[in-house]
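Q:
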Amino acid sequence: MNTGSFKIKGGDYQRAGMASSNLKKLLKKINVEPAIIRRAMIAAYEAEMNVVIHARNGNMRFFLDSDRIDMEVTDEGPGIPDIDLAMKEGYSTAPPEAKDLGFGAGMGLPNIKRNSDRFAIESKVGEGTTLNISIRLKPSDALETGLNSIAIVAGKCTGCFRCLHVCPTLALRVKSGGPEIIKHLCIDCAACVSACESGAISMAPAGEMPDPAEVSGLIAPPSLLAGLGLGVGPEMALKALGEMGFAKVFAMEAWEEALRNSVIEHARERNRAPTISPVCPAVVNLIEVRFPSLIENIAPFISPVEAARREFPEGRAAIVVSCPSQLTALGGGSSASLHAIAPETLREAILRFAAGDGNKVWEPIHESPLQSGAHDAQRAASSLDVLEISGMRHVMRILDKAENGLLGDVKVIELYACEGGCFGSPLLREVSALSRHRWQKSRNALGGAHLPEAKAVRRGVPFAARAGVRLDPDISRAIAKLSEMQKFLVRLPGKDCGVCGAPTCGALAEDIVMDRATISQCAYLSRD
Amino acid sequence: MLYQMVIIGQEFTDVVEIAMKLESLIERIEAKALAPGKPGVEIGRFYASARISDLLNMASGDTLLVSDVKNPQLLRVSELLEVPAICLLNDIQPDAAMLAAAVENGTALIVSPLGLEEACKRLKQCLGEEIR
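Chains as they are written, first to last, in the numbering used here: chain A, 1 to 528; chain B, 1001 to 1132.
1) Check whether the Cβ of Leu131/A lies closer than 8 Å to any Cβ atom in chain B.
2) List the residues of chain B that Arg38/A touches, going by C-beta distances under 7 Å, in chain order.
3) Does DSSP classify His339/A as helix, strand or coil?
4) The beta strand (DSSP E) with Pro179/A in it runs from where to where?
5) Using DSSP with H/G/I as helix, E/B as strand and the rest coil, what is Phe246/A?
6) Is there a C-beta anywhere in chain B that falls below 8 Å from the one on Phe103/A?
7) By Cβ distance below 7 Å, which residues in the same chain neighbour Ala240/A in space, the five residues on each side in sequence not counted?
8) Check the C-beta distance from Gly408/A over to Ala273/A and give it rounded, since I have them as a contact under 8 Å.
9) Is it buried or exposed for Val1041/B, if we count other Cβ within 10 angstroms and need 16 for buried?
10) Hey, quick one: how far does the beta strand (DSSP E) through Asp75/A stretch, first residue to last?
11) Relative to the C-alpha of Asp515/A, which candidate in Gly494/A, Phe488/A, Val499/A has its C-alpha closest?
12) Do Gly79/A and Thr130/A count as a contact pair if the criterion is CB distance below 8 Å?
13) Just to confirm, are Gln326/A and Ala1097/B a CB contact at a threshold of 8 Å?
14) Given that a residue counts as buried once 16 or more other Cβ atoms are within 10 Å of its Cβ, and exposed if not, what is Lys25/A?
15) Under a CB-based cut-off of 8 Å, is Val1103/B close to chain A?
16) Can you check DSSP and say which residues form a bridge with Ile319/A?
17) Can you find the residues in the same chain that come closer than 6 Å, C-beta to C-beta, to Ala449/A, ignoring five residues on each side of it along the sequence?
18) Does DSSP put Ser5/A in a helix, in a strand, or in coil?
19) Got a sec? Which residues, its chain only, sit under 8 Å from Gly233/A by beta carbon, not counting five neighbours each side?
20) Give me whichever residues DSSP pairs with Glu388/A in a beta bridge.
21) Secondary structure at Val1066/B, three-state DSSP: helix, strand or coil?
22) Among the residues of its own chain, which have a CB less than 6 Å from the CB of Cys196/A, if the five just before and after it don't count?
23) With 16 other CB atoms within 10 Å as the buried threshold, where does His394/A fall?
24) Compare the C-beta of Val1066/B with all C-beta atoms of chain A and state if any pair is closer than 8 Å.
25) Going by DSSP, what residues sit across from Ser202/A in a beta bridge?
26) Can you say whether Glu48/A is buried or exposed, counting buried as having 16 or more other CB atoms within 10 angstroms of its CB?
27) Helix, strand or coil for Met87/A? Go by DSSP, reduced to three states.
28) Nearest to Phe250/A by alpha carbon, out of Leu170/A, Pro278/A, Gly229/A, Val215/A?
29) For Val32/A and Leu147/A, I'd like the C-alpha separation in whole angstroms.
30) Give the residues of chain B in contact with Ser116/A, contact being defined as C-beta atoms less than 8 Å apart.
31) Nearest CA to the CA of Arg1051/B: which residue from Cys167/A, Ala282/A, Gly108/A, Ser176/A?
32) Verify whether the separation of the beta carbon atoms of Asp1062/B and Arg1045/B is less than 8 Å.
33) Quick check on DSSP: helix, strand or coil for Val1133/B?
34) Going by C-alpha distance, which of Asn50/A, Ile264/A, Arg38/A, Val499/A is nearest Ile8/A?
35) List the residues of chain A whose Cβ lies closer than 8 Å to the Cβ of Ala1050/B, in chain order.
36) Got a sec, what are the start and stop residues for the alpha helix (DSSP H) Ser194/A sits in?
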């Protein structure tokens, strides 16, 4: 890990670009691919010039990891009143002296976004603006149109085909070498992880258990704290974490509640019903892939797990993710300001700690490290406005209804990809209803006295349909491929048996025109 | 190797396999080299614009950047994106800081008396035919 910081002086057009130049030297020193350096330089330079043109002072911090570079560019400037407008190509508020020099074409922010793998912008009028930019350092990662955190261990695949039929976006294929994921279709919902009994499909590796002294807080999902079994309830789990050295433990629920309240507020201000909460990143991905007409219904906030990360701008936070979609939302495993860890990692650490202290009598805790969240009364009131749906099958049905205009009487829908919400993640071992029950019983005793400081965070960049779903970026070639696909579809039997390795005959027809398969893979046609 | 030729706001759909020595291009556009750049540089394409963001997007290791704006940041763009040469039009004379930066970067800095339209026309003739 390498970190650094460069100061940027507003209005200094002579020295402008020095921060980007220094960063380039570092990237070259570690042999980063020229194409990746190019992207990083365009993004860094545009961000730097934004500070020079608009602000009094600024700072560029970078965090260089083995697989990506994160840049954070902050400024003391006027702030941006309307971020959506500022993101539009051609929109500029640059002063005349900047325009005379060829700046202020309104391409800066769009250029940064185009050259980043992740880009977020936050701004407060009168205070300043913060840009967060991530660029993956491996070319193959950067070229992926979709990012996800599903890992395949092909050798473990038994060829049972269970995964094939559960994928809501038809992103899986089973070939002779094992399962394969069409990355731009994968929404990280983990339905395949849940269906796979052989362990061939799992979540991609997250970070290792951090040294408690190095982090300023640990954020854990209640589902894990209450899902360690009868022997280790939430109280004992928190006690163990406190004794392991985690001074502050936060329940993710606090950010979920903050989001819920903000989404309800947002829904009151708009006419388009229903408003969809972005609580589950996998559901947001699903809408971007399968239900683009509903994108405008999604409330413009980042997910709770991303908002939780923002609470620790200076120090490293450890966040236990519930599922692959949360891991992807955080940008993968560890980075300079974050330890994203898998639930199993924390589970093992707690159980090992508890087992290592077998003679200890676990007293009830009086000063819990938990800084929790939920206000029961508030939750009860808000729940009248919110329709909660969990499980991908139900989520798909409700989104179908929303798309057909049949949910006009529902203000807010909160959709979770996993059956039972985050308590039902396939990465957790306990029965979801049981861990939820245990959490609800323990919550008030544990941390009810502490009001959360969590808040929902508005998105800088609007949600957008995924470009990767098209047959071809060129519309005329896409139409030609569609017509070719239909010809193959007529020849295929329509049994959707999956023996060819594609989930449906339609998916096989698409694979054939996209050169991912041949028609000889159809078992029915081969038999004839 | 494939080269693509681009001028302000118009992307030529023609992709040609032509590269020219910078020295030959300098002659064609009646330019003077104020900073020589690296010896034997070959130019595969050119991009002309007054806007830094456009130049930034189109710059690469074989691009001649052409501009009619005097801005020291042109040299910063060339440094960051390893642009081999910059051409200033309308006889715009760079200041000492720009010249020093060009020498330090190893970027060729040339000045042509031609205007944007004529310079682009001649560069286009050198680097490939326009197909609209």
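For glycine and all other residues, C-beta sits at the position ideal for the given N, C-alpha and C. Just so you know, these numbers come straight off a predicted model, no measurement behind them.
A: Short version:
1) no
2) Leu1081
3) strand
4) 178-181
5) coil
6) Under the Cβ distance rule, Phe103/A counts among the residues neighbouring chain B, one pair being separated by less than 8 Å.
7) Ile350, Phe353, Ala354
8) 5 Å
9) buried
10) 68-76
11) When each option's Cα is compared against that of Asp515/A, the closest is Phe488/A.
12) no
13) no
14) exposed
15) no
16) Ile219/A, Ala340/A
17) With a pLDDT of only 37 at Ala449/A, under the threshold of 50, the placement of this residue in the model should not be trusted, and no figure is reported.
18) strand
19) Ala226, Arg438, Ser442
20) Glu414/A
21) strand
22) Answer for Cys196/A: Cys163, listed in chain order.
23) His394/A is exposed by the Cβ-count criterion.
24) Taking Cβ atoms only, chain A never reaches closer than 8 Å to Val1066/B, which makes this a no.
25) The partner list for Ser202/A (beta bridge, DSSP) reads Ala151/A.
26) buried
27) coil
28) Val215/A
29) 20 Å
30) Here the premise fails: no neighbours, minimum Cβ distance about 14 Å.
31) Gly108/A
32) yes
33) The structure shown does not extend to residue 1133/B, since chain B is modelled only from 1001 through 1132, so no value can be given for it.
34) Asn50/A
35) Gly102
36) 191-195
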